[in-house]
Amino acid sequence: GIQVEQSPPDLILQEGANSTLRCNFSDSVNNLQWFHQNPWGQLINLFYIPSGTKQNGRLSATTVATERYSLLYISSSQTTDSGVYFCAGRMIKAAGNKLTFGGGTRVLVKP
Amino acid sequence: DAMVIQNPRYQVTQFGKPVTLSCSQTLNHNVMYWYQQKSSQAPKLLFHYYDKDFNNEADTPDNFQSRRPNTSFCFLDIRSPGLGDAAMYLCATSASGGQLVAKNIQYFGAGTRLSVL
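Those sequence lines, one after another, are chains A and B.
In this text, residue positions in the first sequence follow the numbering used here: the first is 202, and each later residue adds one.
In this text, residue positions in the second sequence follow the numbering used here: the first is 250, and each later residue adds one.
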């Protein structure tokens, strides 16, 4: 199966700082999604971004499908941005609907 | 609002005592998934239903079973929970096949945190 690597594994930010999270895939994927898992465990959809760039408020994401990576940008971070960020993708060659998750980036935003 | 609902949010069971977790959805999605997530790990797919077709992951233990009586509901049955089955269980849905908008985007419920005593 595909390998999904996220970096960095941990990130500590001062409130107001900007940051970039990265997701690398070992094979071509589609249905690429970014999630934020809040402290209560719920996975919140941030972006569905198989290619290109999208923005939603202080968050934006860019996927370069040909180079098998995706980036998540957090600008002007707030304490509510704390949690774990996961990327996940479905391998183009695979049958079915399985999403493979990266190991996550644990973000702590300090006031 | 259309959503994915999991009940209960917290479940405590005894070692070896069968337990059932439930998931319902108002999104009218034809695919439903069950994931297991252990502490500090990524979610791991256990199985999914594509309409009524059950698709088991190769490494999902036989101890885990699932039922989908209709489009809206899906259940996860753990026949004999062990201490290693303590985890967060996440249900997700997606629209696939002939359905249009938001194809294959997975939407997650809030999860059920299972403790095994």
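Built from N, CA and C at the ideal position, the CB exists for glycine as well.
ask   = Would B/LYS271 count as contacting chain A if we go by Cβ distances under 8 Å?
value = Note on residue identity: the sequence assigns Ser, not Lys, to residue 271 of chain B. It does not: the Cβ of B/SER271 has no partner Cβ on chain A nearer than 8 Å.
inquiry  = Excluding the 5 residues flanking B/GLN260 on each side, which residues of the same chain have their C-beta closer than 8 Å to its C-beta?
reply    = Listed in chain order, the non-local C-beta contacts of B/GLN260 below 8 Å within the same chain comprise VAL268, LEU270, THR361, ARG362, LEU363, SER364, local neighbours out to five positions each way being set aside.
message = Can you give me the C-alpha to C-alpha distance between A/ALA218 and A/ASN257, rounded to a whole angstrom?
response = About 17 Å.
key: A/THR216 to B/ASP300 span [Cα, whole Å]   = Before going further, note that residue 216 of chain A is Glu rather than Thr in the sequence given. Whole-angstrom Cα-Cα distance: 45 Å.
ask   = Taking only beta-carbon atoms, is B/GLY331 less than 8 Å away from chain A?
value = So, not an interface residue.
According to DSSP, residues forming a beta bridge with B/THR302 = Checking the sequence shown, residue 302 of chain B turns out to be Asp, not Thr. According to the DSSP secondary-structure assignment, B/ASP302 is paired through a beta bridge with B/TYR299.
Cutoff 6 Å; reference B/GLN263; Cβ partners in own chain excluding five residues on either side = Excluding five sequence positions before and after B/GLN263, the CB atoms of its chain that fall closer than 6 Å to its own CB belong to LEU366, given in chain order.
Residues that A/PHE287 contacts on chain B, provided the C-beta gap is smaller than 8 Å = Listed by position along chain B, the residues whose Cβ is nearer than 8 Å to that of A/PHE287 are ALA291, PRO292.
message = Against A/LEU212, what residues of chain B qualify as contacts under a CB-to-CB distance less than 9 Å, listed in chain order?
response = In chain B, no part has a C-beta under 9 Å from the C-beta of A/LEU212; the shortest such distance is about 15 Å.
request  = Check whether the Cβ atoms of B/ARG317 and B/TYR298 lie closer than 8 Å to each other.
outcome  = Inclusion of B/ARG317 and B/TYR298 in the CB contact set at 8 Å is warranted, their separation being smaller than that value.
ask   = Would you report the Cα separation of B/MET281 and B/CYS340, rounded to the nearest angstrom?
value = Counting only the Cα atoms, B/CYS340 lies some 7 Å from B/MET281.
message = Can you look up B/THR275 in the DSSP assignment and give me helix, strand or coil?
response = In this structure, DSSP gives B/THR275 a state outside helix and strand, which the three-state scheme calls coil.
ask   = Are the CB atoms of A/GLN234 and A/GLY284 nearer to each other than 8 Å?
value = It is not a contact, given that the beta carbons lie outside the stated cut-off.
request  = Just tell me which of A/ILE213, A/VAL230, A/THR221, A/PHE236 has its CA closest to the CA of A/ILE203.
outcome  = Here the closest residue by C-alpha is A/VAL230.
message = Is B/ALA307 a contact residue of the ligand GTP, with contact defined as CB to any heavy atom under 7 Å?
response = In the structure shown, the ligand GTP is absent, as is every other ligand, since no ligand is present at all.
key: Residue-level contact to chain B via CB, A/ILE293, 8 Å cutoff   = Taking Cβ atoms only, chain B never reaches closer than 8 Å to A/ILE293, which makes this a no.
message = Quick check on the DSSP output: the beta strand (DSSP E) that includes B/THR342 runs from which residue to which?
response = Secondary structure note for B/THR342: its beta strand (DSSP E) is the uninterrupted segment 336 to 343.
key: Identity of the residue in A/PRO210, A/THR267, A/ASP282 nearest A/ASP228 by Cα   = Answer by Cα proximity: A/THR267.
task = Would you verify that the beta carbon of B/MET337 is, or is not, closer than 8 Å to some beta carbon of chain A?
result = Yes, B/MET337 lies at the interface with chain A (some Cβ there is under 8 Å from its Cβ).
task = Go ahead and pull the three-state DSSP assignment for A/GLU268.
result = Correct three-state label for A/GLU268: helix.
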